[in-house]
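Peer 1: Heads up, the sequence shown is in the UniProt record's numbering, so the first residue is 1 and it goes up one at a time. Glycine included, C-beta positions come from ideal geometry on N, C-alpha and C. I'd like to ask you about the structure that follows.
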Amino acid sequence: MKRLNYIFSAGMIAGEDNLAVSDTTESLTYKELNNITNQLVRTFQLLGVKEGDRVGLWLEKSCRGIACMLAISRLNASYVPIDPMNPLARVSTIIKDCQMSAIVISQGKLAKFIDSEHRELPLLIPDNLSLDDLNIHSDTNLSHVANWSDVRSQSSEHVDLDVTYSETDLAYILYTSGSTGVPKGVCINHLNACAFINWSIEEVEPRPEDRFSNHAPWHFDLSVFDIYVALGSGASVYLISEMVSYVPAQLVDFIEKNQISIWYSVPTALSLMMDAEPQLETRCSSLHTVIFAGEPFAIKKLKELRKRFPHKALYNFYGPTETNVSTYYKVPNEVPDKLPIGHVCSGDSLSLLDDNGTKVAIGEQGFITIKGPSVFSGYWGKTARTEDAYNTGDIGYFNDKGELMYVGRNDHMIKVKGYRIHLGEIETTIEKHPAIEECCVLLGEDKALHAYLVQQDDSALSLIKIKLHCSAHLPKYMLPDFVHFLPMLPRNGNGKVARKDLAALEVSA
């Protein structure tokens, strides 16, 4: 498979009446998904979407959302998944940054969106309510609005498109935290995505009878595996709602009810499920493959997982958003005391380099640098990448078995609950508060976000007030967990904030 829009072939060959995707309210076979995709292609054309455009997806996970992704790829446009929990201000920033041509938006987000500066942006509302029932303003240009009835009124026959496909065409953009306070759009082309998908199908060997879960939100790169590896192997994918994804007991129920066989998530989700369900191995006996990525897995918890699932395939995947997955480690029966991130994959090559760009010796630490087909094409709106290799900013070393070991981040880019964030974006947002003069945010040993604040005046500030301020600009996982007030921030000899000194200070919360 060289493009995401060729994904149907495996499923149609395996059986067009087999289940392709299921959510909380509906399920689609491969034939139904293909037909709806054709209808969506025609609908997007009526909304003015053209080859090379960007289309936003600001909605909860659904079968209809999956069909939108596939239709957008068919049109040789690219989709931009947006965190459904994002405040409108952050959504607006993304719309402007990538010059979005249209957006798919759920009914619950419609009211505030059509009152925004983007009200003239063409909308697709994948709900069954009529446009009258959706309470759209009378002065809204309805020629730029379509609902699900409009989609279903289109022909489901194959659409012959006047587009030129290339594997280097942009497939989707994933927005991540940026150091300047503005999200960065990571551009993934079809070659990048398919390099990982094709490798995953070869390594994991899913079968048409397999049932994948989709735990990760769509703006998180883990979701690429769930959706496309499932559909690319003729299997089915079961979408986990955002509400269920945060409740461990309900996740166990979901796996058991739907007889999930392949699971992929951040380690935190697995740890919480183990804590919530003493009989996890019995209730989740349908699982034969468990994959984790996005953050380090505490060895104690991983050993517990291996003990509970002694005969299951366990994988540790590693890679930043810019490369999706570049290394993997298949966990043996005896879990090592230090977990490797393993060996290079997806057709990539990997080097460990020092500050001068020279390869380091075995056992020495260096920057994990990736080269190959999975490496992204660049950041949206920035100068195109000219380097062959991508320096991840992560530090690692090779052990005596030739396995790659992960040490940590080199800069202030961190991972919290599987999400990669830049501390500078939180700091920039907090410093927008009129009562804050200066701010520094650290990830504590307790894995919580600590904000150290210097006030401009004597305003009565609190954690709740700071969180409320931040929630208008940042997703929930980027909100500080603690605030500490200081008369001034400690600095080193060159005038920079001495971050290492902050955590040791006696401060008031």
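Using the Cα positions of GLY493 and LEU222, report the straight-line distance between them to the nearest angstrom.
Peer 2: Mapped onto the sequence shown, residue 493 falls at position 493. Mapped onto the sequence shown, residue 222 falls at position 222. Low per-residue confidence applies at GLY493: pLDDT is 46, beneath 50, and the placement is therefore not dependable enough to give any value.
Peer 1: Are the beta-carbon atoms belonging to ARG211 and SER236 less than 8 Å from one another?
Peer 2: Here residue 211 refers to the residue found at position 211 of the sequence shown. Here residue 236 refers to the residue found at position 236 of the sequence shown. In contact: ARG211 and SER236 (Cβ atoms closer than 8 Å).
Peer 1: Would you mind stating whether ALA451 and ILE421 have Cβ atoms separated by less than 8 Å?
Peer 2: For the purposes of this step, residue 451 is identified with residue 451 of the sequence shown, where counting begins at 1. For the purposes of this step, residue 421 is identified with residue 421 of the sequence shown, where counting begins at 1. Not closer than 8 Å, so no.
Peer 1: Helix or strand or just coil, what does DSSP make of GLN456?
Peer 2: Taking the sequence shown and counting its residues from 1, the one referred to as residue 456 is at position 456. It is coil, neither helix nor strand.
Peer 1: Nearest-angstrom Cα distance between ASP83 and GLY342?
Peer 2: The residue labelled residue 83 in the question sits at position 83 within the sequence shown. The residue labelled residue 342 in the question sits at position 342 within the sequence shown. Near 30 Å, if we compare the C-alpha coordinates of GLY342 and ASP83.
Peer 1: What is the DSSP secondary structure of PRO81, counted as helix, strand or coil?
Peer 2: Within the sequence shown, numbered from 1, the residue matching residue 81 stands at position 81. If DSSP states are grouped into helix, strand and coil, PRO81 belongs with the strands.
Peer 1: Below 8 Å on the Cβ atoms is my guess for ILE426 versus LEU474; work out the distance and round it to an integer in Å.
Peer 2: The residue given as residue 426 occupies position 426 in the sequence shown. The residue given as residue 474 occupies position 474 in the sequence shown. About 7 Å separates the two Cβ atoms, so the contact holds.
Peer 1: For residue 514 and LEU40, which I take to be in contact (beta-carbon distance under 8 Å), what is that distance rounded to the nearest angstrom?
Peer 2: Lying outside 1 to 509, the shown extent of the chain, residue 514 is not represented and no answer is given.
Peer 1: Here's the rule I'm using: 16 or more other beta-carbon atoms within 10 Å means buried, otherwise exposed. How should TYR246 be labelled?
Peer 2: Taking the first residue of the sequence shown as position 1, residue 246 is located at position 246. Flag for TYR246 reads exposed.
Peer 1: Would the C-beta of LYS31 count as close to the ligand SAH, meaning under 7 Å from any of its heavy atoms?
Peer 2: Absent from the structure shown: the ligand SAH. Ligands present: none.
Peer 1: Give me the Cα-Cα distance between ALA361 and TYR406, rounded to the nearest whole angstrom.
Peer 2: Counted from its first residue, the sequence shown places residue 361 at position 361. Counted from its first residue, the sequence shown places residue 406 at position 406. Approximately 16 Å, taken between the alpha carbons.
Peer 1: Express the C-alpha separation of ALA193 and ASN324 in angstroms, rounding to a whole number.
Peer 2: To locate residue 324, count along the sequence shown from 1; it is residue 324. To locate residue 193, count along the sequence shown from 1; it is residue 193. So the alpha carbons of these two residues sit roughly 8 Å apart.
Peer 1: How many Å lie between LYS300 and ILE94 at the Cα?
Peer 2: Locating residue 300 in the sequence shown gives position 300, where the first residue counts as 1. Locating residue 94 in the sequence shown gives position 94, where the first residue counts as 1. Using only the alpha carbons, I get a separation of about 40 Å.
Peer 1: Would you list the one or two residues that DSSP bridges to TYR175?
Peer 2: Working through the sequence shown from its first residue, we reach residue 175 at position 175. In the DSSP output, where bridge partners are listed per residue, TYR175 has GLY185.
Peer 1: Identify the continuous alpha helix (DSSP H) that holds GLY15 and give its terminal residues.
Peer 2: Residue 15 sits at position 15 when you count from the first residue of the sequence shown. 8 to 15 is the span of the alpha helix (DSSP H), which, as asked, contains GLY15.
Peer 1: Pick helix, strand or coil for ILE291, following the three-state DSSP scheme.
Peer 2: Indexing the sequence shown from 1 puts residue 291 at position 291. Correct three-state label for ILE291: strand.
Peer 1: What does the Cβ neighbour count give for LEU468, buried or exposed, with the cut at 16 atoms within 10 Å?
Peer 2: For the purposes of this step, residue 468 is taken as residue 468 along the sequence shown, with counting starting at 1. The residue in question, LEU468, is exposed, as its Cβ has fewer than 16 Cβ neighbours within 10 Å.
Peer 1: Would you call the segment 56 to 68 and the segment 14 to 34 in contact, with 3 or more CB pairs under 8 Å?
Peer 2: Segments in contact, yes.
Peer 1: For the beta strand (DSSP E) holding ASN76, just list the boundary residues, first then last.
Peer 2: Residue numbering aside, residue 76 sits at position 76 when the sequence shown is read from its first letter. No beta strand (DSSP E) contains ASN76, which DSSP labels as neither H nor E.
Peer 1: Sort TYR238, GLU32, GLY234, SER200 by Cα distance to HIS215 and report the nearest one.
Peer 2: Sequence index remark: in the sequence shown, residue 215 carries index 215 (1-based). Nearest option by C-alpha distance: TYR238.
Peer 1: Between ILE197, PRO81, ALA389, which has its C-alpha nearest ILE370's C-alpha?
Peer 2: Counting from one through the sequence shown, the residue named residue 370 turns up at place 370. Of the listed residues, the one whose Cα sits closest to ILE370 is ALA389.
Peer 1: Find the nearest neighbour of ALA171 within the set ILE466, TYR79, TRP148, SER156, judged by alpha-carbon distance.
Peer 2: As a position in the sequence shown, residue 171 is number 171, starting the count at 1. Nearest C-alpha to ALA171: TYR79.
Peer 1: Closest by CA to LEU124, which one among ASP115, GLU117, MET413, LEU110?
Peer 2: As a position in the sequence shown, residue 124 is number 124, starting the count at 1. Comparing Cα positions, the closest option is LEU110.
Peer 1: Along the chain, where does the alpha helix (DSSP H) that runs through MET405 open and close?
Peer 2: Here residue 405 corresponds to residue number 405 of the sequence shown, with the count starting at 1. MET405 -> not in any alpha helix (DSSP H); beta strand (DSSP E) instead, spanning 404 to 409.
Peer 1: What's the gap between the Cα of LEU46 and the Cα of GLY15?
Peer 2: Indexing the sequence shown from 1 puts residue 46 at position 46. Indexing the sequence shown from 1 puts residue 15 at position 15. Whole-angstrom Cα-Cα distance: 31 Å.
Peer 1: Would you list the residues sitting across from GLU438 in a DSSP beta bridge?
Peer 2: Translated into positions along the sequence shown, residue 438 becomes position 438. In DSSP, GLU438 forms a bridge with VAL454.
Peer 1: Sort out for me which residues DSSP pairs VAL325 with in a bridge.
Peer 2: Here residue 325 refers to the residue found at position 325 of the sequence shown. BP columns for VAL325 are empty, so no partner.
Peer 1: For the segment 399 to 418 and the segment 457 to 464, state whether three or more C-beta atom pairs, one from each stretch, are separated by less than 8 Å.
Peer 2: Counting Cβ pairs under 8 Å, fewer than three are found: no touch.
Peer 1: Output the distance between the C-alpha atoms of THR165 and MET1, rounded to the nearest integer angstrom.
Peer 2: Counted from its first residue, the sequence shown places residue 165 at position 165. Counted from its first residue, the sequence shown places residue 1 at position 1. Looking at the sequence itself, residue 165 is Tyr, so the reference to Thr does not match. Their Cα atoms are separated by approximately 13 Å.
Peer 1: Restricting to runs no shorter than 4 residues, where is the alpha helix (DSSP H) found entirely within the segment 194 to 265?
Peer 2: For the segment 194 to 265, whole alpha helix (DSSP H) runs of length 4 or above, ordered along the chain, are 242 to 245, 248 to 258.
Peer 1: Which residue from ASP226, GLN154, ALA77, ASN410 puts its Cα closest to that of VAL163?
Peer 2: As a first step, residue 163 is located in the sequence shown; it is residue number 163 there, counting from the start. Minimum Cα distance to VAL163 is reached at ALA77.
Peer 1: Within its chain, find whatever has a CB closer than 7 Å to the CB of PRO186; leave out the 5 residues flanking it on each side and keep chain order.
Peer 2: Numbered from 1 along the sequence shown, position 186 holds the residue referred to as residue 186. Contrary to the premise, residue 186 reads as Val rather than Pro in this sequence. Closer than 7 Å at the Cβ level, and outside the excluded window around VAL186, lie ILE173, LEU174, THR176, THR321, GLU322, PHE376, TYR379.
Peer 1: Roughly how many whole angstroms lie between the Cα atoms of SER106 and ILE114?
Peer 2: Numbered from its first residue, the sequence shown carries residue 106 at position 106. Numbered from its first residue, the sequence shown carries residue 114 at position 114. C-alpha separation (whole angstroms): 12 Å.
Peer 1: Do SER155 and ASN128 have their C-beta atoms within less than 8 Å of each other?
Peer 2: Start at 1 with the first residue of the sequence shown, and residue 155 comes out as number 155. Start at 1 with the first residue of the sequence shown, and residue 128 comes out as number 128. Contact: no.
Peer 1: Classify LEU356: buried if its beta carbon has 16 or more other beta carbons within 10 angstroms, exposed otherwise.
Peer 2: Against the sequence shown, residue 356 aligns to sequence position 356. For clarity, residue 356 is Asn in the given sequence; the question names Leu instead. With fewer than 16 other Cβ atoms within 10 Å, it is exposed.
Peer 1: Out of ARG385, LEU352, LEU486, LEU57, point me to the one whose CA is closest to ILE395's CA.
Peer 2: For the purposes of this step, residue 395 is taken as the residue at position 395 of the sequence shown. Checked all of ARG385, LEU352, LEU486, LEU57; the closest Cα to ILE395 is LEU352.
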